[in-house]
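Here's the structure we're looking at; comments come further down.
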Amino acid sequence: MCGAKSKSLAFTGLLLNCLEMIFSANTGFSVSLYDVTSQSISLRWPKFSGASSYRVTATAVNTVGHSLLAHFSDVTLKATLTSLIPNTVYAIQAEAIDKNGIILAETQIMQSTAPDIPVIDQAYSKLSNSITVEWRAVPGATSYMLTAQDGDSFIETVVKNSPGTVTGLKPATLYRITIRSINSGGKSQPSPFRKAKTVLAAPILSVSSPSCDSIALSWKAVYMAAGFSVSLMRSDGLGRMLRENTTNTSLIFTNLDPGTLYTIKAYAWNANGMPGDDFTYNQRTIPCAPVNISIEEDELGHLLVSWSSVSFGHYYVVFVKSDDGLEVHCNTSYTQCHFQSDCGFTYFISVFAYNKAGQSPLGDVFNYTTAPCCPSDFRAVFVSSDTVRVTWAPVRGADLYETRAAAWSTVVLCNDTAPACTLSALQCNTRYHITVHSFSEARGSNTSCAPKHVATAPCSPEIKNVSKEGLSVISVQWQSNNEDATYVVTARGEAGLWHCTSTGSSCTLTDLPCGSAFSVSAIARSPAGQSLPSYSVPLEMAPCCPNDLILTQVTQSVTNISWSAGKGAQTYVTTLESPKGQAKCRTLQNYCLLGCITCGTNYTVSLKAISETGLTSSCTYQGYSSSACCPSGVKLYRLSNNGIRVFWQASDETMNYSTDLHGSKGNFTCTPRAGRSHCDITEIPCGDVYTVVVAPLTDKGPKLTFCPKKIYSVTCSGSSVGMVIYRGKSNAEHI
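First residue of the sequence shown? That's 51 in my numbering, and the numbers climb one at a time after it.
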């Protein structure tokens, strides 16, 4: 039996530790916990399909005769089982039941209730930040949760057993104290509360010994304090204790022994006379302050501080504080100390004597000002080749600056209170020694400032010649009068900027755009800076050739030429040239009519674009072939069967020709084979006047429109073609 009982308890414990949810087979019905107290367990379950009610049974494990049974409708999916036994394991079974009372699904879990509610015996405060609670132990509890509540805020602490202490509380504050017991099942409900108030906080003392026989104390007000008690006695136990009660926040004890360590204890009490936390502090009272203090700068960067010896002084501490707030000190048993010093600082020096009693009171405070610093980070900015602006960061201690520039026998001086100076009338391309000295009213001049070597900017170059080397290439030459200088030539115009660079005396500007005007200047550069630009020289590029040129034949001997404008061009000269002759036109326009053109001839096409100043660009274009010659001797003859024959004399036996007849009764066209000089048109209406045109055909486009037009009357003889009569040329045939 014992073995079986042990196995049952082990199984129950395993279930409690894992808190697993047990599902019934093949149903998916489950139940879960959401709250546990000493006498209640709260459950929830999902809605089960087909169920009209649910039944929950809780049976105490190892407790005979204690079980609970509850029924719920199908709309209730959670329940709280109450009136349970604290610290008891229950087997909880949930069943889903249909309307006929048949169990559709069931599931079971094991759960322990929380321990019983503990009862507080007493709660009290000994420290201003804590309250201690005492209670009787609760069976089955593994730990306890103490809660201290102040209004809406609370602090919780978990402890193992009684007594327990809640810390982190506010001084002089009333708290409601409750306690809960805890086991693996959960937490009990809170116990009935007890009220407890924390004691007052301790006053925090600020302690000093203003003289060899006194100790001064001060502290901030303590919340809810009605008064303060302060006691003082020698730490070695000799002498009597001094005690003062006060409602103030400061106190001075006098007539004390010099050089003696005292223990001070202070606490506050409330209106009921209950004392709070206490504060303990040790403070020692003389030695006298040293006198006859002297300060000197025995060498650059070092201060020597000396003083007279003090009776009962075992050692000395010298504090040296600079005017930027940095403080250093020196401990010595001698009567002098060495300190490093920086330029431009004012140092405040105090000396204290020490023995076993402590530090002497503060004596006289001395000050010492060192010479101003040297501006070592100055830089030169060249306003021009003969003017340099020297700037530097302001240095400590300086009231005035002197800037000195020397080269050979020339010296330029500048005095100013500002950290900048402009040195003018300097020689370009010259090396100067520049020194900036600083002065102060308190210490005078710092003559240790080192010079810097600064070279002035190069001298301006002088352009001697600008010549054209190619279509868009310009050579620029200048006079070189600087050492180790690089020259930059710039052509500036509406088209933009072009540059070339050289260390010699000439360079070449390339890819300059046609038809543009430029201003050419040069500068010299060196590590020292940049010169002023040279005087500018005007530069004009030859005009641009037109991009587009179009030739259109107007008549057999006249051709129209048009072109796009060429940038920079004012006048144009166009030329058509062949072995048979030349045609030329000079114009201000961008078109021209050229006469005396020979038909059927290949021409060379050229154009000259001329600027306003006479600069010329020669432009060549693709060749031009004039149109084929119109035939001559065009005549009409009557044929039988109402036909007409058009006859002509061909200008080229290999040429194809097209014949057009236009009348009020119809238009007719015929094109014979190459080499033939006539064309027949059949079934032509009689009794009409026809305009006849014979023109050569080419493969370059539409047929020519400027060949001569002749007019013929075709009469009727009955219903057939009668006489063909020549009526002359068309009146519209002219240019």
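C-beta: ideal position from N, C-alpha, C; glycine also.
The structure displayed is predicted, hence computed values, not measured ones.
> Among S261, K315, S80, T453, which residue has its Cα nearest to the Cα of S410?
Replying inline: Position 360 of the sequence shown holds residue 410. The candidate whose alpha carbon is nearest that of S410 is S261.
> For L250, which of helix, strand or coil comes out of DSSP?
Replying inline: Here the question's residue 250 lines up with position 200 in the sequence shown. It is coil, neither helix nor strand.
> Do three or more CB pairs link the segment 185–202 to the segment 150–158 at distances below 8 Å?
Replying inline: No: the two stretches stay apart, fewer than three of their Cβ pairs being nearer than 8 Å.
> Quick one: what does DSSP say C669 is sitting in, helix, strand or coil?
Replying inline: As a working mapping, residue 669 is identified with position 619 in the sequence shown. Note: C669 maps to strand in three-state DSSP.
>> Along the chain, where does the beta strand (DSSP E) containing P260 start, and where does it finish?
In response: For the purposes of this step, residue 260 is identified with residue 210 of the sequence shown, where counting begins at 1. For P260, the enclosing beta strand (DSSP E) covers residues 255–261.
>> Considering just the uninterrupted stretch of the beta strand (DSSP E) at A456, what are its terminal residues?
In response: As a first step, residue 456 must be located in the sequence shown, where it is residue number 406. For A456, the uninterrupted beta strand (DSSP E) run begins and ends at 450–457, by DSSP.
> So, Y653 versus Y674, is the Cβ gap smaller than 7 Å?
Replying inline: Stepping through the sequence shown from its first residue, residue 653 is reached at position 603. Stepping through the sequence shown from its first residue, residue 674 is reached at position 624. Closer than 7 Å, so yes.
>> My parser needs the beta strand (DSSP E) runs of 3 or more residues fully inside the segment 117–167; what are they?
In response: If we require 3 residues or more, the beta strand (DSSP E) runs fully inside the segment 117–167 come out as 117–123, 128–131, 139–147, 153–162.
> Is the number of C-beta pairs between the segment 530–548 and the segment 560–572 that are closer than 8 Å three or more?
Replying inline: At 8 Å Cβ cutoff, the stretches touch.
> Q699 bridges to which residues according to DSSP?
Replying inline: The residue labelled residue 699 in the question sits at position 649 within the sequence shown. Paired residue(s): S682.
> What do you get for Y365, buried or exposed, if any count of 16 or more other CB atoms within 10 angstroms of its CB means buried?
Replying inline: Counted from its first residue, the sequence shown places residue 365 at position 315. Per the 10 Å Cβ criterion, exposed.
> Looking at C-alpha atoms only, which residue of C564, G650, S656 is the closest neighbour of G618?
Replying inline: One-based indexing of the sequence shown puts residue 618 at position 568. Relative to the Cα of G618, the nearest Cα in the group C564, G650, S656 belongs to C564.
> Does the distance from the C-beta atom of R399 to that of V378 stay below 7 Å?
Replying inline: What you label residue 399 is simply residue 349 of the sequence shown in a count that begins at 1. What you label residue 378 is simply residue 328 of the sequence shown in a count that begins at 1. With the sequence shown as reference, residue 399 is identified as Ile, and Arg is not the correct amino acid for it. No; because the gap between Cβ atoms is not below 7 Å, this pair is not in contact.
> Beta-carbon separation of G772 and D730 under 7 Å?
Replying inline: As a working mapping, residue 772 is identified with position 722 in the sequence shown. As a working mapping, residue 730 is identified with position 680 in the sequence shown. Cβ distance not < 7 Å, so G772 and D730 don't count as in contact.
> Taking the DSSP output, what are the residues bridged to S490?
Replying inline: For this step, residue 490 is matched to residue 440 along the sequence shown. According to DSSP, S490 bridges with G494.
>> At 3 residues or longer, what runs of the beta strand (DSSP E) sit wholly inside the segment 524–585?
In response: Those beta strand (DSSP E) runs which fall completely within the segment 524–585 and span 3+ residues are 524–529, 536–543, 546–552, 556–559, 567–576.
> Which one of T460, T248, L255, P425 has the shortest CA to CA distance from V280?
Replying inline: Taking the first residue of the sequence shown as position 1, residue 280 is located at position 230. Taking the Cα of V280 as reference, the smallest distance to any Cα among T460, T248, L255, P425 is reached at L255.
>> Tell me which residue opens and which closes the beta strand (DSSP E) that D327 is part of.
In response: If you number the sequence shown from 1, residue 327 lands on position 277. First-last of the beta strand (DSSP E) with D327: 325–334.
> Just the Cα atoms here: how many angstroms apart are A108 and V183?
Replying inline: If you number the sequence shown from 1, residue 108 lands on position 58. If you number the sequence shown from 1, residue 183 lands on position 133. Spanning the two alpha carbons is a distance of roughly 36 Å.
>> Could you check whether L686 and A592 sit closer than 7 Å to each other, using their CB atoms as the reference points?
In response: Locating residue 592 in the sequence shown gives position 542, counting from the first residue. Locating residue 686 in the sequence shown gives position 636, counting from the first residue. No.
>> Would the segment 462–482 count as touching the segment 518–526 if we require 3 or more Cβ pairs under 8 Å?
In response: No, the segment 462–482 does not touch the segment 518–526.
> Should G363 be labelled buried (16 or more other beta-carbon atoms within 10 Å of its own) or exposed?
Replying inline: Translated into the one-based positions of the sequence shown, residue 363 becomes position 313. Buried.
>> So, with DSSP's three-state summary, where would you put E294?
In response: Along the sequence shown, one-based indexing puts residue 294 at 244. It is a strand residue.
>> Just to check my reading of the structure: N320 and L250 have Cβ atoms closer than 8 Å, yes? What is that Cβ distance to the nearest angstrom?
In response: Here residue 320 corresponds to residue number 270 of the sequence shown, with the count starting at 1. Here residue 250 corresponds to residue number 200 of the sequence shown, with the count starting at 1. Rounded, the Cβ-Cβ distance is 6 Å, consistent with contact.
> Whose C-alpha, out of A141, L219, W442, is nearest the C-alpha of L450?
Replying inline: Walking along the sequence shown from the start, residue 450 turns up at place 400. Nearest C-alpha to L450: W442.
>> For L599, report the span of its beta strand (DSSP E) as first-last.
In response: Within the sequence shown, numbered from 1, the residue matching residue 599 stands at position 549. 599–603 is the span of the beta strand (DSSP E), which, as asked, contains L599.
> Is it a yes or a no for the segment 340–352 touching the segment 321–330, going by three-plus beta-carbon pairs under 8 Å?
Replying inline: Between the segment 340–352 and the segment 321–330, the count of C-beta pairs closer than 8 Å stays below three; the two stretches do not touch.
> CA-CA distance, T467 and V445?
Replying inline: Here residue 467 refers to the residue found at position 417 when the sequence shown is read from its first residue. Here residue 445 refers to the residue found at position 395 when the sequence shown is read from its first residue. Put simply, the backbone Cα of T467 is about 11 Å away from that of V445.
> Out of T207, P722, V438, P596, which has the shortest C-alpha to C-alpha gap to L219?
Replying inline: Residue mapping note: residue 219 aligns to position 169 of the sequence shown, counting from 1. Proximity to L219 across T207, P722, V438, P596 peaks at T207, based on C-alpha coordinates.
> If S92 and Y84 are in contact, beta carbons under 8 Å, what's the gap, nearest whole angstrom?
Replying inline: Sequence index remark: in the sequence shown, residue 92 carries index 42 (1-based). Sequence index remark: in the sequence shown, residue 84 carries index 34 (1-based). Rounded to whole angstroms, the Cβ separation of S92 and Y84 is 5 Å, and the two are in contact under 8 Å.
>> Which residue marks the beginning of the beta strand (DSSP E) containing W319, and which one marks its end?
In response: As a first step, residue 319 is located in the sequence shown; it is residue number 269 there, counting from the start. Annotation: the continuous beta strand (DSSP E) that includes W319 extends over 311–319.
> Just curious, the beta strand (DSSP E) that V106 is in, first and last residue?
Replying inline: Locating residue 106 in the sequence shown gives position 56, where the first residue counts as 1. Element bounds for V106: 103–110.
>> For the segment 731–746 against the segment 702–713, do three or more pairs of beta-carbon atoms, one drawn from each stretch, fall closer than 8 Å, so that the two count as touching?
In response: Short answer: they touch.
> Can you name the start and end residues of the beta strand (DSSP E) that M591 belongs to?
Replying inline: As a first step, residue 591 is located in the sequence shown; it is residue number 541 there, counting from the start. Following the DSSP letters along the chain, one finds M591 in no beta strand (DSSP E), marked with neither H nor E.
> Going along the chain, which unbroken runs of the beta strand (DSSP E) with 3 or more residues stay wholly within the segment 688–769?
Replying inline: Within the segment 688–769, the complete beta strand (DSSP E) runs of at least 3 residues are 693–699, 707–713, 716–720, 728–731, 738–746, 759–767.
>> Can you look up T385 in the DSSP assignment and give me helix, strand or coil?
In response: Translated into positions along the sequence shown, residue 385 becomes position 335. Note: T385 maps to coil in three-state DSSP.
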